[in-house]
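Here's the structure, in structure tokens; my notes come after.
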Amino acid sequence: MTKSTGMQQNLPIVMISMSRWDGDFSSAAWSIARTFAQSQPVIYVDYPYTFADFVRERKQPSVQARQQALLFGKGGLKKLEQFAPHLYALTPPLMLPCNSFEDGALYRTLQNRNNKVLARSILKALKSLGFRDFVFYNSFNPLYLTTLPKGFRPKAVLYQSRDNIRALEPYLRKHGAGGEITAIQNADVSFATSRQLQRDLAELSGEEVEYLPNAASFGTFRKAYEDDLPRPMDLAEIRGPIIGYTGNICHRQNYDILQRVCEVHADKNVVLVGPRNHAGHTDIDLDAIPNLHFLGPKKIDDLPAYLAHFDALILPFKCNEVTKSIYPLKINEYLASGKPVIATPFSEDIQSFGDVIALADGPDAFAAAITEALTANTSEKARKRYERASQNTWEQRVEQIRAWMGDVMG
1 MTKSTGMQQN
11 LPIVMISMSR
21 WDGDFSSAAW
31 SIARTFAQSQ
41 PVIYVDYPYT
51 FADFVRERKQ
61 PSVQARQQAL
71 LFGKGGLKKL
81 EQFAPHLYAL
91 TPPLMLPCNS
101 FEDGALYRTL
111 QNRNNKVLAR
121 SILKALKSLG
131 FRDFVFYNSF
141 NPLYLTTLPK
151 GFRPKAVLYQ
161 SRDNIRALEP
171 YLRKHGAGGE
181 ITAIQNADVS
191 FATSRQLQRD
201 LAELSGEEVE
211 YLPNAASFGT
221 FRKAYEDDLP
231 RPMDLAEIRG
241 PIIGYTGNIC
251 HRQNYDILQR
261 VCEVHADKNV
271 VLVGPRNHAG
281 HTDIDLDAIP
291 NLHFLGPKKI
301 DDLPAYLAHF
311 DALILPFKCN
321 EVTKSIYPLK
331 INEYLASGKP
341 VIATPFSEDI
351 QSFGDVIALA
361 DGPDAFAAAI
371 TEALTANTSE
381 KARKRYERAS
391 QNTWEQRVEQ
401 IRAWMGDVMG
């Protein structure tokens, strides 16, 4: 181990992202944080709540559990050794809502105030753990700490982009598009999870942007292939072949494809595992489809049992400006199970898996591809899928990030 490698593995990593540690679905940020925290301290900072968020969501259990930290700054730092030996979660105090304002003096004043409050909260947490030096890792949060306030001086600054902000919903796009470019220009190392995103951000920022594709918690998802996992309780009454999907059910899905799959495969059940956020993104009455089942979000450690009892796994994303910049988190999770995978050719990154998955666009072609994938499936093909996933683990991604950190810190 070189001196710089030893130093960077002793330094705590402070990570901010757009998700919270106990959110409804897994995120790349959370997976990377857990992996780093196997061997070095990580403070995973909750995506901040604003005063408006608190008023709107104050009755939710997740908010009530954080109330003392949000309102009074007490008990905000929590050790999460059930996930990794050196992992901590930090809930910062409430922020002032400012996203509705146009970019200008008022917005920047409020943003600067929020950044100072967030930075003080982080520095206080570091001090309580006995740390002064740290690495700051912004994992796709372009609304906070894109410019660092005075006194907040990490040894290295990392920025990771995971989606094309310029094609996302107006709330994030409004200030996030410019904030992301600022973050990249102020970072020591920036990286993107898709080839398209890497090219776009390098051009927009004028900076070098590295490529760091998503991966899988292989040690978790390999169980779907290797072990005889019990059938989840909510699958007990769902019999016959199952076509499955895991993840957020939202603006990315092609619901015409989903509807056609249910029609063509009426002898099978289509099961979606994940939070439902599709309101406003389709006119199809999904609840009226008899063989379509929504099972809600599950903990990441519970997902392998579902994959083990699915017969085919689908990624029916739309092909558009949003999805062409996506390397989906779930592709390697799917492949680790060994099950047949059918996806639309929405990005350059998903197309790179064409030797181990089926790619089809359009409702009829996609439904037919499922039939073909199930019919042609073999144990040899299952093994190849599993082996591909084994080449894309979070441990491998963390080693790459550590190498970049070493370059920065010498």
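In UniProt numbering, the protein residues as written are 1 to 410. Where is the CB? At the ideal position from N, CA and C, for every residue including glycine.
Straight-line Cα distance separating residue 26 from residue 145: Roughly 23 Å between the two C-alpha positions.
In the DSSP assignment, what residue or residues form a beta bridge with residue 249? Residue pairing by DSSP puts residue 249 in a beta bridge opposite 276.
Inter-residue spacing [alpha-carbon to alpha-carbon] between residue 293 and residue 253: So the alpha carbons of these two residues sit roughly 16 Å apart.
If we call anything under 8 Å between Cβ atoms a contact, is residue 411 one with residue 158? The question about residue 411 has no answer here: the residues shown for the chain are numbered 1 through 410.
Are there 16 or more other CB atoms within 10 angstroms of the CB of residue 307, so buried, or fewer, so exposed? In the assembly as shown, residue 307 is a buried residue. Its beta-carbon has 16 or more other beta-carbons within 10 Å.
Quick check on residue 379: buried or exposed, where buried means 16 or more other Cβ atoms within 10 Å of its Cβ? By the neighbour-count rule (16 or more Cβ atoms within 10 Å), residue 379 is not buried but exposed.
Backbone secondary structure at residue 99 - three-state DSSP: When secondary structure is reduced to three states using DSSP, residue 99 falls in the coil class, being assigned neither helix nor strand.
I need the straight-line Cα distance from residue 46 to residue 213, nearest angstrom please. Between residue 46 and residue 213, the C-alpha separation is close to 23 Å.
Inter-residue Cα distance where the pair is residue 231 and residue 299: Going by the C-alpha atoms only, they are around 15 Å apart.
Under 8 Å, with one C-beta from each stretch per pair, do the region 355 to 363 and the region 238 to 251 reach the 3-pair mark? The region 355 to 363, when compared against the region 238 to 251, does not touch it at the 8 Å Cβ threshold.
Can you look up residue 413 in the DSSP assignment and give me helix, strand or coil? Because the chain in this structure spans residues 1 to 410, residue 413 falls outside the shown range and cannot be described.
Local conformation of residue 3 per DSSP, three classes: With a pLDDT of only 48 at residue 3, under 50, the local geometry of the prediction cannot be trusted, and the value read off the model is given with reservation. Shown here, residue 3 sits in a helix according to DSSP, grouped into three states.
Helix, strand or coil at residue 357 [DSSP, three-state]: If DSSP states are grouped into helix, strand and coil, residue 357 belongs with coil.
Could I get the ranges of all uninterrupted beta strand (DSSP E) runs contained in the region 304 to 340, with 3 residues as the minimum, in chain order? The region 304 to 340 contains these whole beta strand (DSSP E) runs: 312 to 315.
Quick one: residues in its chain with C-beta nearer than 6 Å to the C-beta of residue 37, no 5 flanking neighbours on either side, listed in chain order? For residue 37, where only same-chain residues beyond five positions count, the Cβ hits under 6 Å are 84, 86 and 87.
Might you give, ordered along the chain, the residues of its own chain that have their beta carbon closer than 7 Å to the beta carbon of residue 373, omitting 5 neighbours on each side? Cβ within range, chain order: 312, 340, 342 and 358.
Mind reading off the beta-carbon distance from residue 349 to residue 195? Whole number of angstroms is fine, and I expect it under 8 Å. Between the beta-carbon of residue 349 and that of residue 195 there is about 6 Å, and that keeps the pair under the 8 Å contact cut.
My assumption, with CB atoms under 8 Å, is that residue 155 sits in contact with residue 134. Please give the rounded CB distance. With 8 Å as the limit, residue 155 and residue 134 qualify as a contact, their Cβ atoms being about 7 Å apart.
Go through its chain and collect everything with a Cβ distance to residue 78's Cβ below 7 Å, but skip five positions before and after it. Around residue 78: 88 and 89.
Taking only three categories from DSSP, how would you classify residue 18? Looking at residue 18 - three-state DSSP - the assignment turns out to be coil, as it is neither helix nor strand.
Hey, out of 137, 226 and 17, whose CA is closest to residue 404's CA? Cα-wise, what sits closest to residue 404 is 137.
Going by Cα to Cα distance, which pick from 40, 410, 94 and 22 is closest to residue 48? Per the Cα distances, 94.
What separation, rounded to the nearest whole angstrom, lies between the Cα atoms of residue 241 and residue 266? Their Cα atoms are separated by approximately 10 Å.
Taking 8 Å as the threshold (C-beta atoms), are residue 315 and residue 344 in contact? Between residue 344 and residue 315, the C-beta spacing is below 8 Å.
Should residue 221 be labelled buried (16 or more other beta-carbon atoms within 10 Å of its own) or exposed? Classification for residue 221: buried.
Compare the Cα-Cα distances from residue 54 to each of 44, 43 and 66 and report the closest residue. Closest by C-alpha distance to residue 54, out of 44, 43 and 66, is 66.
Quick one: using the 10 Å Cβ neighbour count with 16 as the cut-off for buried, is residue 15 buried or exposed? When all chains shown are included, residue 15 counts as buried.
Please classify residue 392: is it buried, with 16 or more other beta-carbons within 10 angstroms of its beta-carbon, or exposed? So residue 392 ends up on the buried side.
Alpha carbon of residue 216 to alpha carbon of residue 202, nearest angstrom: Cα to Cα, the separation comes out at about 26 Å.
Can you tell me the Cα-Cα spacing of residue 99 and residue 107, whole angstroms? Residue 99 and residue 107: Cα-Cα distance of roughly 8 Å.
Run through the region 59 to 118 for me and flag every whole alpha helix (DSSP H) of 4 or more residues, listed as ranges in chain order. Taken in chain order, the complete alpha helix (DSSP H) segments of 4 residues or longer contained in the region 59 to 118 are 61 to 64 and 67 to 72.
Nearest neighbour of residue 72, chosen from 270, 34, 121 and 28 [CA to CA]: When the alpha-carbon of residue 72 is set against those of 270, 34, 121 and 28, the nearest one is in 121.
According to DSSP, which residues form a beta bridge with residue 293? The partner list for residue 293 (beta bridge, DSSP) reads 271.
Would you call the CB atoms of residue 17 and residue 140 closer than 8 Å? Residue 17 is a Cβ neighbour of residue 140, given a cutoff of 8 Å.
Where do the ends of the alpha helix (DSSP H) carrying residue 54 lie? Per DSSP, residue 54 belongs to the alpha helix (DSSP H) from 51 to 57.
For residue 130, name the three-state secondary structure that DSSP assigns. Residue 130: coil per DSSP, three-state reduction.
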